[in-house]
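Numbering (our numbering), first residue to last: 250 to 835.
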């Protein structure tokens with residue numbers, strides 16, 4: 250089994266700022282010493298997910314998830330510990346050497362990136378060759394220039410079952426990396442290309458590495474106009490935008506993003522000088538997309554197709570944005586057109602005018618639904634539908650503005666609007682609670698002895714140097730196995746070692762239970778006194794429990810008319826023992 254040196258693991262852990270890593274998946278906001286956001290491991294409306302940068306760990310108070318930066322990547326990406334270390338090493342430019350020197354040991358992520366780079370380079374060359382001439386002519390006829398195509402590395406996959414397969418054969422790539430790349434499929438005679446006779450649009454991550462493809466037919470009646478890469482260890486559709494690596498800085502500078510649905514839409518607008526463009530990548534816009542875009546802008550112009558499907562997609566995306574505190578404006582793309590058609594037919598100036606004349610999402614929703622002309626029952630149903638969406642908006646100012654717009658447009662009285670909205674909130678809450686998983690049942694530490702052990706652990710985390718010797722000399726008193734293991738690890742690793750400690754717990758429920766203890770920020774005023782009192786509790790509590798149990802036995806004997814003198818003597822001896830122990834501890 251491949252191994253990574255402890256020195257490399259420590260170097261990556263020290264380089265990987267857990268707030269920076271988690272922020273790529275969760276919109277975090279600082280509160281006190283820690284950061285909070287919506288948990289990526291279960292559905293929730295109120296943030297209960299906490300990241301403690303000083304302790305280099307995370308914990309969700311809702312579902313119980315917790316651990317170090319490596320545990321986060323493992324759980325979020327469904328990776329092994331070695332793979333998580335490798336992925337972070339790649340991200341931070343730290344070479345990760347495995348114990349095996351064979352090509353098989355080149356880790357999964359490196360192989361996946363290499364396979365995608367080979368594919369992108371190969372497809373790009375084919376587009377500008379004789380085999381790709383028809384595809385190139387098609388793109389040029391659609392108004393795209395060779396400069397644009399080369400800049401975004403657009404390519405062509407020829408109509409061959411093993412074109413790419415032959416390019417990577419014999420280069421030492423593992424079966425796992427080939428299977429998980431999303432570039433190949435299984436044919437009757439073995440591995441075959443997934444993409445054939447399609448214009449290929451490489452999808453890059455934030456750093457510009459190719460992680461997936463969108464493939465478009467151009468000379469076929471195939472009803473599947475687009476074929477996109479499946480989900481892979483590199484590619485998570487609901488978190489990726491096409492073109493992000495090139496346009497994110499323009500989005501930041503402009504203070505807004507123009508969101509389109511298709512790769513051709515994106516390229517056409519970019520070529521026309523509209524630089525702050527992003528495109529969803531092979532899937533519908535989701536709340537996770539909204540979280541990602543919220544890191545670079547608080548305003549999005551939705552320029553979706555002008556047909557009925559595009560209008561529905563606009564509403565879904567718009568409310569997802571509003572529910573993540575991002576302003577959603579709708580660009581009036583002409584009916585029956587997409588932004589690509591619009592820009593080619595009317596020019597980018599017309600698109601820019603459309604952006605200037607964009608309307609807020611709710612106004613768009615009311616206009617497209619013909620709300621003012623609907624019969625009373627249909628209008629009432631529409632209001633309920635809209636209010637349920639508004640009920641998911643957390644920002645009070647945005648929510649109140651939406652409610653006021655709705656009330657003013659449809660002439661709904663203030664009292665009636667408040668009543669309807671409260672009903673919608675309750676309906677939304679009940680629906681959410683029925684779907685939300687109950688918090689994970691963490692191991693319960695409820696006895697006096699267990700609680701004392703936990704307080705000692707917390708004191709050790711907060712004031713390691715002050716209480717280290719006290720704890721070390723009484724470690725045998727820790728009767729709870731996982732708490733005993735925790736104390737021993739804390740003493741072994743030293744001050745500030747919470748992340749390393751958590752990584753030692755492979756059992757998920759045990760790790761989450763310990764994470765809950767270690768992330769506790771409640772200050773212990775005098776740790777030395779607390780540790781002394783807790784140690785005394787650990788020493789005396791077993792005696793007290795024995796006294797209590799002996800008293801119960803005495804009552805049982807006396808109730809049965811039997812002699813209890815031996816037990817009475819035993820209780821007397823236990824009291825002497827307790828007195829002596831208490832005296833020793835003072």
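No residue lacks a Cβ here, since even glycine has one placed at the ideal position from N, Cα and C.
The beta carbons of residue 695 and residue 779 sit no closer together than 8 Å. Assignment of residue 586 by DSSP, reduced to helix, strand and coil, places it in the coil class.
569 is the residue among 569, 586, 492 whose C-alpha sits nearest the C-alpha of residue 578. For residue 388 and residue 764, the gap between their C-alpha atoms comes out near 54 Å. In this chain, the beta strand (DSSP E) harbouring residue 579 covers 576-579. Three or more beta-carbon pairs separated by less than 8 Å link the stretch 538-555 to the stretch 506-519, which places the two stretches in contact.
For residue 342, the secondary structure class from DSSP, reduced to helix, strand or coil, is coil. Here residue 366 has 459 as same chain residues with Cβ atoms under 7 Å from its own Cβ, once five neighbours each way along the sequence are excluded. The C-alpha of residue 572 lies about 13 Å from the C-alpha of residue 541. The closest CA to that of residue 639, considering only 674, 438, 612, is found on 674. A distance below 8 Å between beta-carbons, with the five flanking residues on each side excluded, links residue 254 to the following residues of its chain, in chain order: 346. Assigned with DSSP and collapsed to three states, residue 485 falls in coil, not helix or strand. The DSSP-derived three-state label of residue 548 is strand.
Secondary structure within the stretch 256-309: the alpha helix (DSSP H) runs of 4 or more consecutive residues, fully enclosed, are 267-272 (chain order).
Taking each of 644, 645, 659, 344 in turn and checking the Cα distance to residue 623, the smallest one comes out for 659. Boundaries of the alpha helix (DSSP H) around residue 429: 424-429. Non-local C-beta neighbours of residue 278 in its own chain, meaning closer than 8 Å and more than five positions away in sequence, comprise 284, 285, 286, 296, ordered along the chain. By the C-beta density criterion, residue 476 is buried, having at least 16 other C-beta atoms within 10 angstroms.
Counting C-beta atoms within 10 angstroms of its own C-beta, residue 744 has fewer than 16 neighbours from the protein chains shown and is therefore classed as exposed. For the pair of segments examined, the stretch 383-399 was found not to touch the stretch 424-431: the number of CB pairs separated by less than 8 Å stays below three. DSSP places residue 515 outside any beta strand (DSSP E); the residue lies instead in the alpha helix (DSSP H), whose first and last residues are 512-520. Cβ atoms of residue 728 and residue 698 come within 8 Å of each other, at about 6 Å. Contact fails between the stretch 558-567 and the stretch 516-527, because fewer than three Cβ pairs, one in each stretch, are under 8 Å apart. Per the DSSP secondary-structure output, residue 253 pairs in a beta bridge with 347. Look at residue 475 here: in three-state DSSP terms it is strand.
Beta-bridge pairing by DSSP links residue 447 to 406. In the DSSP assignment, residue 465 falls within the unbroken beta strand (DSSP E) covering 459-465. Taking a contact as a CB-CB distance under 8 Å, the pair residue 802 and residue 816 counts as one, their CB atoms being some 6 Å apart.
Residue pairing from DSSP places residue 452 in a beta bridge opposite 461. Of the candidates 484, 531, 452, 421, 531 places its Cα closest to the Cα of residue 474. Take the alpha-carbon of residue 335 and the one of residue 469: they are about 41 Å apart.
In the three-state reduction of the DSSP assignment, residue 362 falls in the helix class. Rounded to whole angstroms, the gap between the alpha carbons of residue 450 and residue 754 is 42 Å. Within 10 angstroms of the beta-carbon of residue 810 lie fewer than 16 other beta-carbons, which makes it exposed. For residue 645, the enclosing alpha helix (DSSP H) covers residues 645-659. Across the set 309, 776, 503, 259, the C-alpha of 776 shows the shortest separation from the C-alpha of residue 716.
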